[in-house]
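Visitor:
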Amino acid sequence: MQIVFFSNHLPEDFSSRNSDIFPEPPEHCPFHDCSLPVKMKKHGFYSRNYISKGFTIVLYIRRYICPICGRTVSMLPSFCLQHFQYSCPDIVNMLYELYKNGIPLKTYVESIRGYFPAIERRHINYYKKRIVNNRKLIQYGLNLMSPEFTTLGKIPENQAWVKDLLEKVWEIQPSIFHFDFYNNTGKSFMTLQNIVA
């Protein structure tokens, strides 16, 4: 299980094993079939790749273990997306620029290769499909976050909905949006979900 937390630290700050930049361990086990009020214990770090505009680094993510059930939880900074190597702000920015400027995908990918040498059209197509496939979950989360987002749910066409969504996410700031969305739903807006809202 991963718990998203908001951090003002730079990604580079997570390139060493530093417990001081992570939140305190949970005061109870977050697994529903355990949920005991026992403080979780530090359980080392794991490494993960992080790709952002102009650099790629390895991050060290703090893990905690429940002393009762033995399951672990990792604390993920809000600029990271679960199961994605590219940063949350960069994924949102790529899609935002693509939709806002209305340029062909091939042209756009070529224009950002200087920052993201390994980026391919298939990456951005995958991100586009994921947002559309998660539309019900995302709209559910938006409705929980603020009544101002309910109007997005009335947009019938997916491309127009994604464009308006990305504009709002960009205004809020992607890492803050990701953190707020996770706090309201317990899920990432980009992790594949099957939900009926």
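Each residue of the sequence shown is one higher than the one before, starting from 1138 at the first, in the numbering used here.
In this text, a Cβ means the ideal position worked out from N, Cα and C, and glycines have one as well.
#1: By how many angstroms is the C-alpha of W1298 removed from the C-alpha of N1271?
#2: Whole-angstrom Cβ separation of F1159 and M1212, contact assumed at under 8 Å?
#3: Let me check understanding here. Comparing Cα to Cα, which of S1325, Y1197 and I1188 lies closest to D1157?
#4: What is the DSSP secondary structure of F1182, counted as helix, strand or coil?
#5: Going by beta carbon distance, what residues of the same chain come within less than 8 Å of L1218, once the five residues before and after it are set aside?
#6: Closest to I1205 by CA distance: which of I1188, E1164, R1199 and E1149 is it?
#7: Taking the alpha carbon of V1306 as the point to measure from, which residue in N1320, E1294, F1286 and H1220 has its own alpha carbon closest?
#8: Am I right that R1200 and H1180 are in contact with their C-beta atoms under 8 Å? What's the rounded C-beta distance?
#9: Can you list the alpha helix (DSSP H) stretches of 4 or more residues lying completely in the region 1225–1312, in chain order?
#10: Which two residues bound the contiguous beta strand (DSSP E) that contains V1195?
#11: Quick one: using the 10 Å Cβ neighbour count with 16 as the cut-off for buried, is S1312 buried or exposed?
Guide: Inspection of the coordinates gives the following:
#1: 12 Å
#2: 5 Å
#3: It is Y1197 whose Cα lies nearest to the Cα of D1157.
#4: In this structure, F1182 counts as strand in the three-state DSSP scheme.
#5: Hits under 8 Å: S1224, C1225, I1228, H1315, S1325, M1327 and T1328.
#6: E1164
#7: F1286
#8: In this structure R1200 is in contact with H1180, their Cβ atoms being roughly 4 Å apart against a cut-off of 8 Å.
#9: 1225–1238, 1242–1249, 1258–1270, 1272–1282 and 1295–1309
#10: That run of the beta strand (DSSP E) goes F1192 to I1202.
#11: buried
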